[in-house]
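Residue numbers (the working numbering): 1169 to 1477.
Beta carbons: idealized from backbone N, C-alpha and C, even for Gly.
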């Protein structure tokens, strides 16, 4: 029936369209109710300590005797041989370990994604198992492996690769290699699961078309799998960078930063400054902020490179 008055239709329209608006506002209010507790915990447990650590990095001394020193701690960093050594070590681990780990994870995930592979669940469990192993226990086990009478020396002696036992953890180069091996053993499976999930979302028709066109398995891997996994690879690279720059447990349990400072990391140095040497929490906070800056800077570069690739 036609409206009797000219303004009846807007009234009916308002009645129809106001209900979703009111509903969306109600849902938004309930959304804030659920978000605020988690946001508050994140702020007070993460961001607030970060702010406190920054102000702490501008002070020197202990306890009530701490005094404001400005950027003196940050200037001191670049005159500190131990800090510079730990920085070099961290970048050594970063440059060597992350590319190898990502490539190994891509290869393993491709094998696990093979349709005709049997016992997939068992292999996935075995590969992921190191990730859930205790960091301390795995570090101590590998420390025994690389000792003078460890299984590594026994195997190499029986194979004739070495003539006498080698003290791997007491050698500056081999100690780094030992730590990189442990990191590869522990974290390759973690990235493999990410890549495997990404590969299972790639349409099989893409590979079928490539096989029809004569593409080999290697060509499919480098020209289809890796390009389509670029977002996942970028994510795992950033996470691995973050973990590498904060490396602590493996170094602490295997070498303690030695021999000398050959394997010490930034996190290990923060621990030593806070609990082993004369406590210097302000200087330790300055070192921790260097890690924050490095993580942010390298993540930014990786994002930019990933966008252009």
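Cα-Cα separation, residue i to residue j
i            : j            : result
residue 1469 : residue 1258 : 17 Å
residue 1341 : residue 1387 : 36 Å
residue 1262 : residue 1354 : 15 Å
residue 1415 : residue 1352 : 13 Å
residue 1329 : residue 1384 : 36 Å
residue 1400 : residue 1367 : 10 Å
residue 1348 : residue 1299 : 15 Å
residue 1201 : residue 1220 : 28 Å
residue 1195 : residue 1306 : 48 Å
residue 1198 : residue 1444 : 49 Å
residue 1377 : residue 1274 : 22 Å
residue 1283 : residue 1360 : 17 Å
residue 1233 : residue 1266 : 43 Å
residue 1225 : residue 1210 : 22 Å
residue 1396 : residue 1279 : 17 Å
residue 1212 : residue 1223 : 16 Å
residue 1473 : residue 1323 : 42 Å
residue 1455 : residue 1442 : 11 Å
residue 1182 : residue 1391 : Only weak support exists for where residue 1182 lies, its pLDDT of 45 falling under 50; the value from the coordinates is given anyway. Straight-line Cα distance between these residues: approximately 55 Å.
residue 1310 : residue 1466 : 30 Å
residue 1205 : residue 1214 : 14 Å
residue 1176 : residue 1203 : For residue 1176, the pLDDT reaches just 47, beneath the cut-off of 50, and the residue's location in the model is therefore unreliable, leaving the point undetermined.
residue 1239 : residue 1301 : 41 Å
residue 1326 : residue 1318 : 13 Å
Residue i (DSSP reduced to helix, strand or coil)
i            : result
residue 1470 : helix
residue 1414 : coil
residue 1421 : helix
residue 1397 : coil
residue 1445 : coil
residue 1330 : coil
residue 1281 : coil
residue 1273 : helix
residue 1371 : coil
residue 1286 : coil
residue 1324 : helix
residue 1439 : helix
residue 1475 : helix
residue 1247 : coil
residue 1254 : helix
residue 1361 : helix
Nearest residue (CA-CA) to residue i, options the options
i            : options                : result
residue 1409 : 1461, 1221, 1380       : 1461
residue 1398 : 1362, 1378, 1426, 1432 : 1362
residue 1228 : 1219, 1242, 1215       : 1242
residue 1458 : 1437, 1232, 1233       : 1437
residue 1304 : 1244, 1417, 1367, 1454 : 1417
residue 1426 : 1339, 1411, 1197       : 1339
residue 1291 : 1322, 1393, 1364, 1378 : 1364
residue 1236 : 1449, 1465, 1428, 1391 : 1449
residue 1295 : 1302, 1283, 1277       : 1277
residue 1245 : 1472, 1467, 1452       : 1452
residue 1463 : 1356, 1389, 1289, 1411 : 1411
residue 1308 : 1346, 1326, 1264       : 1346
residue 1428 : 1475, 1301, 1250       : 1250
residue 1264 : 1369, 1413, 1446       : 1413
residue 1393 : 1218, 1208, 1260, 1281 : 1281
Per DSSP, cross-strand counterpart(s) of residue i
i            : result
residue 1235 : 1228
Interface flag, residue i vs chain B, CB-CB below 8 Å
i            : result
residue 1376 : In summary, chain B is missing from the structure at hand, where a single protein chain is found.
Across the stretch 1266-1279 and the stretch 1402-1420, are there enough close Cβ pairs to call them in contact, namely three or more that are closer than 8 Å?
yes
Meets three-Cβ-pair contact criterion under 8 Å: the stretch 1330-1338 and the stretch 1298-1317:
yes
Do the stretch 1432-1448 and the stretch 1245-1258 touch if we need at least three Cβ pairs shorter than 8 Å?
yes
With a cut-off of 8 Å, do at least 3 Cβ pairs link the stretch 1417-1424 to the stretch 1365-1378?
no
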